[in-house]
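In full-length UniProt numbering, the protein residues as written are 1 to 217.
Yeah, the Cβ is synthetic: ideal placement off N, Cα and C, and Gly gets one too.
All figures in this text were calculated on a predicted structure; none of them were measured in a lab.
Data first, discussion second: the structure below is written as structure tokens.
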Amino acid sequence: MDVDQLRKDLVGLHDDLIRWGLVVWTAGNVSARVPGENLFVIKPSGVTYDQLTPESMVVCDLDGQLVDGAFAPSSDTAAHAYVYREMPEVGGVVHTHSTYATAWAARGEPVPCVLTAMADEFGAEIPVGPFALIGNDDIGKGIVATLRGHRSPAVLMQNHGVFTIGKSARAAVKAAVMCEDVARTVHIARQLGEPLPIAQSDIDKLYDRYQNVYGQR
Ligand SMILES: [Zn+2]
Numbered sequence: 001m002d003v004d005q006l007r008k009d010l011v012g013l014h015d016d017l018i019r020w021g022l023v024v025w026t027a028g029n030v031s032a033r034v035p036g037e038n039l040f041v042i043k044p045s046g047v048t049y050d051q052l053t054p055e056s057m058v059v060c061d062l063d064g065q066l067v068d069g070a071f072a073p074s075s076d077t078a079a080h081a082y083v084y085r086e087m088p089e090v091g092g093v094v095h096t097h098s099t100y101a102t103a104w105a106a107r108g109e110p111v112p113c114v115l116t117a118m119a120d121e122f123g124a125e126i127p128v129g130p131f132a133l134i135g136n137d138d139i140g141k142g143i144v145a146t147l148r149g150h151r152s153p154a155v156l157m158q159n160h161g162v163f164t165i166g167k168s169a170r171a172a173v174k175a176a177v178m179c180e181d182v183a184r185t186v187h188i189a190r191q192l193g194e195p196l197p198i199a200q201s202d203i204d205k206l207y208d209r210y211q212n213v214y215g216q217r
């Protein structure tokens with residue numbers, strides 16, 4: 001997997017954020033670790049989605065410093081870099097302010113695991129991370145402190161929005177899409193009553209089956 005291919009992949013994955021209704025204007029970003037290198041590729045700052053090209057993507061080191069690219073990197077680059085530094089198993093990171101999930105973040109409330117699809121993908125509630133201002137490592141620290149040792153690949157950063165991680169950038173995008181979908185469904189369920197819990201033993205079975213058995217092998 002070379003950098004040129006990752007740049008191309010990231011254009012398609014940013015299109016997916018639009019396609020699934022997760023972002024408006026220039027908010028939201030996807031990054032991908034360059035395998036075997038202390039580098040990742042990320043969206044340029046302030047460039048609209050219809051202007052993104054493979055060439056416009058920027059390459060940064062794991063301190064978030066620009067290594068290659070004509071544009072400044074995303075303003076969320078420090079958070080992505082922190083995650084890559086601290087979680088070597090992570091190959092992709094996504095950030096969005098998708099509406100329903102961010103509404104849960106605004107209340108600082110985790111999304112309870114009350115859907116089988118949630119047990120499949122998240123294996124637990126979707127947790128809330130701390131309030132943190134942009135500009136230093138605080139957002140990255142909050143993401144890592146919340147997701148390390150947690151099954152969920154998504155965290156709701158309080159008053160802010162969603163960060164997801166995955167083995168690949170595509171997996172992190174999938175987690176962002178699923179996070180918004182279940183946040184919406186559980187929100188709607190809440191309007192007419194309290195959703196029924198799923199027993200932890202059943203959540204465990206669903207998670208194990210989906211993560212290890214489901215799909216084409
Ligand atoms: Zn944000």
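Which same chain residues end up closer than 8 Å to residue i when comparing Cβ atoms and leaving out the 5 residues on each side of it in sequence?
| i | result |
| --- | --- |
| residue 220 | An answer regarding residue 220 cannot be provided, because it is not within the stretch 1 to 217 covered by the chain. |
| Q51 | none |
Please go through the same chain and pick out, in chain order, the residues whose beta-carbon is closer than 7 Å to the beta-carbon of residue i, but skip the five residues on each side of it.
| i | result |
| --- | --- |
| P197 | V114 |
| K8 | P54 |
| R184 | Y100 |
| D158 | The residue asked about is misnamed: residue 158 is Gln in this sequence, not Asp. Cβ neighbours of Q158 beyond the five flanking positions: A105, G108, V128, G129, P130 and F131. |
| H80 | S31, F40, I42 and V93 |
| T77 | I42, C60 and G64 |
| V83 | V90, V93, G140, I143, V144 and I165 |
| R151 | F122, G123, A124 and Y207 |
| T146 | P127, G129 and V155 |
| I18 | Y49 |
| A171 | G92 |
| G135 | none |
DSSP three-state call for residue i: helix, strand or coil?
| i | result |
| --- | --- |
| V59 | strand |
| T53 | coil |
| N38 | coil |
| residue 227 | Nothing can be reported for residue 227: it is not among the residues displayed for the chain, which extend from 1 to 217. |
| T96 | strand |
| A32 | strand |
| V67 | strand |
In chain order, what residues of the same chain lie with their CB nearer than 6 Å to the CB of residue i, ignoring the 5 residues before and after it?
| i | result |
| --- | --- |
| A27 | H97 |
| M57 | R7, L10 and V41 |
| D2 | none |
| A189 | P195 |
| D16 | V173 |
| R85 | L62 |
| P112 | E125 |
| T116 | L206 |
| D68 | V59 |
Distance cutoff 8 Å, beta carbons only. Does residue i sit that close to anything in chain B?
| i | result |
| --- | --- |
| A103 | This model lacks chain B altogether, as it is built from one protein chain only. |
ask   = Does the count of Cβ pairs from the region 101-118 and the region 34-46 closer than 8 Å reach three?
value = no
query = Of all the alpha helix (DSSP H) runs that stay within the bounds of the region 105-181, which reach a length of 4 or more residues?
reply = 116-121 and 138-147
ask   = Is there contact here, the region 126-142 with the region 202-216, by at least three beta-carbon pairs under 8 Å?
value = no
task = Determine, using beta-carbon pairs with one atom in the region 69-86 and one in the region 40-49, whether at least three such pairs fall under 8 Å.
result = yes
query = Is the region 161-180 touching the region 81-99, taking contact as three or more C-beta pairs under 8 Å?
reply = yes
Residues proximal to ligand 1 by C-beta, any heavy atom closer than 7 Å = A27, D76, H95, H97, H160 and G161
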